[in-house]
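Chemist: Going letter by letter, the sequence shown gives residues -29 to -1, 1 to 205 in mature numbering (1 follows the signal peptide of the UniProt record, and there is no 0). Structure incoming, see below.
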Amino acid sequence: MQFIKQLGKQLGFLVLVGSGMFSALSASAQTSVTINANTEGNIPPNIASRPTRAFEFKKFPVGFFHCPVRGTPEAILNGDTFSIVFSKFERIAPPTKVVSESCNLRFNLNVPVGFKVQPINLLYNGFADVPNGGSADVAVRLVLQGKVTAISKQSFASGFSDTFSKDVAVVSDTINACTKPVNIVVGINSSMIARANNLPATSAGLKTQISIDTIDTSIGTVLFKIKFAFLPCT
C-alpha cells in the first residue's frame, strides 16, 4: 500500500497550453491511480513478455495547436491505453476549392521510478467522400520526445466514399525510468487536404469531404487511441 500511495504522488501530467506550459498534477490524479496486473496486449519483440502494470486516471487536459477546436481536448489513461477525447476533425472542399487543415496535440506523462514505457500502437478511424474529379489525403504522426515514431498516410481518389480504420504499429525507443522518474512528451500531429478543384462543370452541390471520426464513445468522443506497454523494471 505504501508503494501504491507513493506511486500515485509521482504520477501526473504537464499540460501544454498555446506556447506556454504549466503543471497539472491534481489531487484527483494522486487519489485515482490504481495498479492492476495485465498480461495481455501486443508487447514489442524487444521487450520481454511479463506482467505489465495498468494505470487508471481521471480526465486531464491536452495542449493543442492550430486545431479547429470545439471544446477542450482531454486525455484519459485507462489500463494501458491513452484515449484522446476531442471534437471531430474534418475538412470539406466545395467545387473549385482546395481546403487543408492541421492539428497538433500534446500531453506530458510523468513515468514513476521503477518502470519502462513504450508506445506500441496508434489507432484512429475516419471517413472520406470524394466525387469524380476530387481527391483527399490524411496523415497522422505520433511524436515521442520530439521524435516522430510512427507515420500513417492515406490518399483517397475520385469515387471513394466509405469509412476507413487505421491500426499503426509504433517503433520507438523504450523510456527507462528504472532509477529515476522520467517526464515524456507525447504528441499527435494530424493533417488533411480535401480537393475539389477538378470537379466537372456539372458538379453543382458536390463536395470533397475528409474527416477523422470517433473511434469510441464509451468515455466521450475519442478520436485517437495510443496503446502503451508499461513494464516494471527487474
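Cβ coordinates follow ideal geometry from the N, Cα and C atoms, glycine included. A quick note: this is a predicted structure, and the numbers were derived from the prediction, not measured.
If you scan the segment 96 to 147 from start to end, which runs of the beta strand (DSSP E) of 3 or more residues do you find wholly inside it?
Modeler: DSSP runs (the beta strand (DSSP E)) wholly in the segment 96 to 147: 106 to 115, 118 to 127 and 132 to 140.
Chemist: Between the segment 50 to 62 and the segment 184 to 202, are three or more C-beta pairs nearer than 8 Å?
Modeler: As far as the Cβ criterion goes, the segment 50 to 62 touches the segment 184 to 202, which means the pair count is three or higher.
Chemist: Considering only the alpha carbon of each residue, which of Arg166, Thr67, Ala172 and Cys149 lies closest to Phe201?
Modeler: Walking along the sequence shown from the start, residue 201 turns up at place 230. Here the closest residue by C-alpha is Cys149.
Chemist: Would you be able to state if there are at least three C-beta pairs under 8 Å between the segment 74 to 86 and the segment 128 to 138?
Modeler: At 8 Å Cβ cutoff, the stretches do not touch.
Chemist: Closest by CA to Pro203, which one among Lys118, Asn168, Phe195 and Pro152?
Modeler: In the sequence shown, the residue the question calls residue 203 occupies position 232. For the residues Lys118, Asn168, Phe195 and Pro152, the minimum Cα distance to Pro203 belongs to Pro152.
Chemist: So, under 8 Å CB-CB, Ala107 and Ile186 are touching, yes? Tell me the CB distance rounded to an integer number of Å.
Modeler: By 1-based counting over the sequence shown, the position of residue 107 is 136. By 1-based counting over the sequence shown, the position of residue 186 is 215. In fact, because the Cβ distance is near 19 Å, the residues do not count as touching under 8 Å.
Chemist: What do you get for Lys124, buried or exposed, if any count of 16 or more other CB atoms within 10 angstroms of its CB means buried?
Modeler: Counting from one through the sequence shown, the residue named residue 124 turns up at place 153. So Lys124 ends up on the exposed side.
Chemist: Would you check if the segment 30 to 38 and the segment 136 to 148 touch, i.e. whether three or more CB-CB distances between them fall below 8 Å?
Modeler: With a cut-off of 8 Å, the segment 30 to 38 and the segment 136 to 148 do not count as touching, because too few Cβ pairs lie within range.
Chemist: Could you tell me the distance, in whole angstroms, from the CA atom of Ile164 to the CA atom of Val84?
Modeler: Taking the sequence shown and counting its residues from 1, one reaches residue 164 at position 193. Taking the sequence shown and counting its residues from 1, one reaches residue 84 at position 113. Computed Cα separation, rounded: 42 Å.
Chemist: When you compare only the Cα positions, how much space is there between Asp144 and Phe31?
Modeler: On the sequence shown, position 173 is the one that residue 144 refers to. On the sequence shown, position 60 is the one that residue 31 refers to. Spanning the two alpha carbons is a distance of roughly 25 Å.
Chemist: Pull up the CB-CB distance for Leu93 and Leu113, whole angstroms please, since I reckon it's below 8 Å.
Modeler: By one-based count along the sequence shown, residue 93 stands at place 122. By one-based count along the sequence shown, residue 113 stands at place 142. The Cβ separation is near 5 Å, so the contact holds.
Chemist: Bridge partners for Asn168 per DSSP, in chain order?
Modeler: Working through the sequence shown from its first residue, we reach residue 168 at position 197. Per DSSP, none; premise fails for Asn168.
Chemist: Looking only at its chain, what residues have a beta carbon closer than 6 Å to the beta carbon of Arg62, apart from the 5 residues adjacent to it on each side?
Modeler: In the sequence shown, counting from the first residue as 1, residue 62 sits at position 91. Closer than 6 Å at Cβ, skipping near neighbours: Val70, Glu72, Met163, Ala165 and Ile181.
Chemist: Give me whichever residues DSSP pairs with Leu194 in a beta bridge.
Modeler: Numbered from 1 along the sequence shown, position 223 holds the residue referred to as residue 194. Paired residue(s): none; Leu194 is not in a bridge.
Chemist: Starting from the C-beta of Thr205, find all residues in its chain whose C-beta is less than 7 Å away, skip the five residues before and the five after it, and write them out in chain order.
Modeler: Stepping through the sequence shown from its first residue, residue 205 is reached at position 234. Once the five neighbours on either side are set aside, Thr205 has no close Cβ partner at all.
Chemist: Given Asp100, which residues of its chain have a CB within under 6 Å of its CB, disregarding the five upstream and five downstream residues?
Modeler: The residue labelled residue 100 in the question sits at position 129 within the sequence shown. Result list for Asp100: Ser132 and Gln180, in chain order.
Chemist: Am I right that Pro65 and Ala167 are in contact with their C-beta atoms under 8 Å? What's the rounded C-beta distance?
Modeler: As a first step, residue 65 is located in the sequence shown; it is residue number 94 there, counting from the start. As a first step, residue 167 is located in the sequence shown; it is residue number 196 there, counting from the start. Indeed, because the Cβ distance is near 6 Å, the residues count as touching under 8 Å.
Chemist: Can you name, in chain order, every residue of its own chain whose Cβ lies under 6 Å from the Cβ of Ile197, other than the five neighbours on each side?
Modeler: Mapped onto the sequence shown, residue 197 falls at position 226. Result list for Ile197: Phe53, Pro90 and Leu93, in chain order.
Chemist: Give me the Cβ distance between Asn96 and Phe60, rounded to the nearest whole Å; I'm assuming they're in contact under 8 Å.
Modeler: The sequence position of residue 96 within the sequence shown is 125, counting from 1. The sequence position of residue 60 within the sequence shown is 89, counting from 1. Rounded, the Cβ-Cβ distance is 11 Å, inconsistent with contact.
Chemist: Mind checking whether Gly117 and Val156 have CB atoms under 8 Å apart?
Modeler: Position 146 of the sequence shown holds residue 117. Position 185 of the sequence shown holds residue 156. Cβ atoms of Gly117 and Val156: closer than 8 Å.
Chemist: Near residue 230, which residues of its chain fall below 8 Å by C-beta distance, leaving aside the five closest residues on each side in sequence?
Modeler: Residue 230 is absent from the structure shown; the chain starts at -29 and stops at 205.
Chemist: So the candidates are Asn147, Ile183, Ile159 and Asn154; which of them puts its Cα closest to the Cα of Ile122?
Modeler: By 1-based counting over the sequence shown, the position of residue 122 is 151. The residue with the shortest Cα to Cα distance from Ile122 is Ile159.
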